[in-house]
Amino acid sequence: GEVTQPARPRTGAPRGATLSGPHLRIIGTNDFHGALEPRPDNTGHLRGGAAAVAGAIEAAERECAPPNCYSILLDGGDEFQGTPESNLAFGRPVTAVFNRLNLAASALGNHEFDWGVDTLRARIAQARYAILGANVRTTDGKPLPWLRADTIVERGPYRIGVIGLATVSTPTTTKASNTVGLRFEQPAPIVDSLAANLRAHGADFVVVIAHAGAFCGRGESATCDGEIITLAQQVTQKIDAIVSGHTHSLVNTVVRGIPIVQAQSSGQAIDVVDLPYDATPHEPLPPAVHQVRPVYTDSIAPDTAIARMVREASASIAPIVNRPVATIAEDMIRQGREYPLGDLIADAMRVEGKGDFGIMNNGGIRANLRAGQATYGSLFEVQPFGNLLYRVTARGADFRAYFEQLVARGAPNVHISGIVITYDPAREAGHRITSLLPTDGRAFSDTATYSIVMNDFMATGGDGLGFAHAAISSQPLDIVDLDALIAYLSAQPQPVHAPRGLRFVQEGAQ
């Protein structure tokens, strides 16, 4: 690892330090996704935005007064992808914000690859913080010369070893072409090796930042499951804390004595973890204290310098993003596995791509669509990836097999257009579909030829949703997914109403 320059601690009266003895405060962010401006959560409350996130970070830093406490800011990855302010500048404004916030290190998110390795390397060069991916290798197992695995950061008298990890699912959660020549290794043995080496080089603390997450149940005794929980169960070296990401969920738990936190996504919250310093090895240490603090814009003083940076980034693209496209009759919120917004997007793909069916992966739907005027900017945030559409043609029997694949893992993680699929999960695998009803009124035939429109992320196997059956043809279309949505909405009677009815119908479900 590389030792970075010590940072001047920010001073201020402690207003809530939770450990009385000497300690390190970790402040964590994750999955910022270019969210420079605040946005409403599912309940309609404004949260996040870079200026408010900065204000929350600075408040947490002021609570941590030297010489008793020193703080470090770490990030769990996926910083750039998701908004016009960030995407149209390939993430440069977000890197500038994190530079200003004195971020020490971030994990390598899967969406850091979305604009290709050359752009990723440009952001690494711009960042004054370390972007870390210890488990990323070439296909022949060699480390990447341009990507660091770990670092040692000094804060006051403390030396903090930081190990960064990418999710092993990266090759299927970004377009396959973006990670050609790379391999994403299982992380536990790598973490053990690096942790021992960091301790040998004088690290007082070892912290893992991982773009790998979990989902937790509700309640104090709820359990958590996921990639980062597995890592915590497998490591054998001492890890003091984990800042996680990727699943956009709230994680605030302890596994085998290791606090694990994740602050949802898009600046909705920050993590605060206080780790006691082992100044006297023979004395018992108090436990670490960990929390996830929500970032509500109406209760946090924004950072004025960061607010100015956001205004400049937004003003530079205002003529593009403020262009009105359509009027939306009602809020379309991403809730559950099937929701009207997903059906609307699948309809747009089918119509604009001139297919019999359309299909959209849920992971590609990145924001809610609110009632009122839909602008280019608001629609961009719904579909920010700029994926090209493909039209895949095959026989009905092969489509039946593909639809069986969609329902094989329980409730489908996609939205469909042009057909209603009824299935029974209690039936034997391969025989779960009980009815296929095309919405044009024709009977479905295993011998007929049909076409389906999907994005290139899916067409190349993303999320395991590629059409791996006997396709007659797979034709790339000269249509970007966002452009298809804009064209479709513009052509509808205004205001545009949400589609009604389910397209995946589970037998026996209430």
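Using the working numbering, the first residue of the sequence shown is number 2, and each one after it goes up by one. Quick reminder that beta carbons are idealized off the backbone N, C-alpha and C, glycines included. Keep in mind the model is a prediction, meaning the values are calculated, not measured.
According to DSSP, residues forming a beta bridge with E155: Partner residues in the beta bridge of E155, as assigned by DSSP, are R160.
Enclosing alpha helix (DSSP H) for V459 [first to last residue]: In the sequence as presented, Val is not what sits at residue 459; that position holds Met. In the DSSP assignment, M459 falls within the unbroken alpha helix (DSSP H) covering D457 to A460.
Selection from S315, R324, I301 and A368 that minimises the alpha carbon distance to P341: A368
Terminal residues of the continuous beta strand (DSSP E) containing P188? First-last for P188: undefined, no H or E at that position.
I need the straight-line Cα distance from V408 to M361, nearest angstrom please. Going from the Cα of V408 to the Cα of M361 covers about 14 Å.
By the three-class DSSP mapping on this structure, what secondary structure does V255 have? strand
How would you call N323, buried or exposed, if buried means at least 16 neighbouring beta carbons within 10 angstroms? N323 sits exposed, since fewer than 16 C-beta atoms from the chains shown fall within 10 Å of its C-beta.
So what's T173 in DSSP terms, helix, strand or just coil? helix
Give me the residue from G364, P413, D399 and G359 with the minimum Cα distance to Q390. As written in the sequence, residue 390 is Leu, which differs from the Gln given in the question. Cα-wise, what sits closest to L390 is G359.
Counting only the same chain and skipping the five closest in sequence on each side, list residues whose C-beta sits under 7 Å from that of L74. I28, I58, L102, N103, L104 and A105
Can you tell me whether E429 is buried or exposed, with buried defined as 16 or more other CB within 10 angstroms of its CB? exposed
Euclidean distance between Cα positions of R257 and A308: 40 Å
Could you please give the first and the last residue of the uninterrupted beta strand (DSSP E) stretch that includes N103? Premise fails: N103 is in no beta strand (DSSP E) and is neither H nor E.
Per DSSP, what are the beta-bridge partners of Y297 in this structure? When DSSP reads this structure, Y297 sits in a beta bridge with R48.
Does the separation of the CB atoms of A204 and G165 fall below 8 Å? no
Would E313 be called buried (16 or more neighbouring beta carbons within 10 Å of its own) or exposed? exposed
Every unbroken beta strand (DSSP E) within the stretch 114–152, with a cutoff of 3 residues, ordered by chain: 131–133 and 137–139
Using three-state DSSP, classify F404 as helix, strand or coil. helix
Minimum C-alpha distance to V352 - residue among P190, Q234, L20 and M455: M455
Under DSSP, the alpha helix (DSSP H) around L490 begins and ends at which residues? D482 to A492
With P85 as the anchor, note down where its alpha helix (DSSP H) starts and where it stops. P85 to N88
Among residues of its own chain, excluding the 5 on either side of G117, which ones have a beta-carbon nearer than 7 Å to its beta-carbon? N179
Taking the continuous alpha helix (DSSP H) assigned at L380, which residues delimit it? Y377 to V383
Along the beta strand (DSSP E) that carries L438, what are the first and last residues, could you check? I434 to P439
Thinking C-alpha only, which one of T450, D226 and G365 is nearest M459? G365
N362, DSSP secondary structure in three states: Correct three-state label for N362: strand.
Secondary structure at G35, three-state DSSP: helix, strand or coil? coil
Endpoints, alpha helix (DSSP H) assigned at I230: E228 to Q235
Using the three-state DSSP reduction, which class does G218 fall into: helix, strand or coil? coil
Straight-line gap, T30 to T394 (C-alpha atoms, nearest Å): 43 Å
Closest by C-alpha distance to K239, when choosing among I259, N43, F33 and N111: When the alpha-carbon of K239 is set against those of I259, N43, F33 and N111, the nearest one is in I259.
P39 to S474, Cα distance in whole Å? 43 Å
Just the Cα atoms here: how many angstroms apart are T96 and D32? Within the model, the alpha-carbon separation for T96 versus D32 is close to 13 Å.
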